[in-house]
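Structure first, commentary second.
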């Protein structure tokens, strides 16, 4: 039985793949965010969901429409993915506000 050796992927290739994935997430965020904002949902509502909604469901945030809640959850999920990608797993309010504000700016630029 022959054992196969794994090969090492150069660090530059891994970094390029990570950067590409992050750019894809930013593009996905931009389109999802545009659809969300078009429904009259504000960035502040999205941020409020991210800060509070992780601990409480959208129902408790007085979001009556299930579609609105799902849209906010979708944006939040993408933003969380970007934060995780960047190693920003902090859940403190101040840091989350700062990170999300930066991501919104980046998404608007993409």
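In our numbering, the protein residues as written are 1 to 110.
Where a beta carbon is used, it is the ideal one built from N, C-alpha and C, also for glycine.
Note that this is a predicted model, so its numbers are computed, not measured.
Burial state of residue i, where buried means 16 or more other Cβ atoms lie within 10 Å
i, result
"residue 76", "buried"
"residue 71", "buried"
"residue 97", "exposed"
"residue 35", "exposed"
"residue 20", "exposed"
6 Å Cβ shell around residue i - same chain, five flanking residues per side excluded
i, result
"residue 18", "none"
"residue 38", "none"
"residue 99", "83, 88"
"residue 74", "32"
Helix, strand or coil at residue i according to DSSP, with G and I counted as helix
i, result
"residue 75", "helix"
"residue 18", "helix"
"residue 82", "helix"
"residue 12", "helix"
Length of the line joining the Cα atoms of residue i and residue j
i, j, result
"residue 101", "residue 15", "24 Å"
"residue 82", "residue 47", "14 Å"
"residue 85", "residue 104", "16 Å"
"residue 80", "residue 107", "14 Å"
"residue 109", "residue 95", "21 Å"
Sequence-distant residues of its chain with Cβ nearer than 7 Å to residue i (five each side left out)
i, result
"residue 78", "25, 28, 29, 32"
Handout entry: Stretch-stretch touch, CB-based, cutoff 8 Å, three pairs: the stretch 11-23 with the stretch 33-50
Key = no
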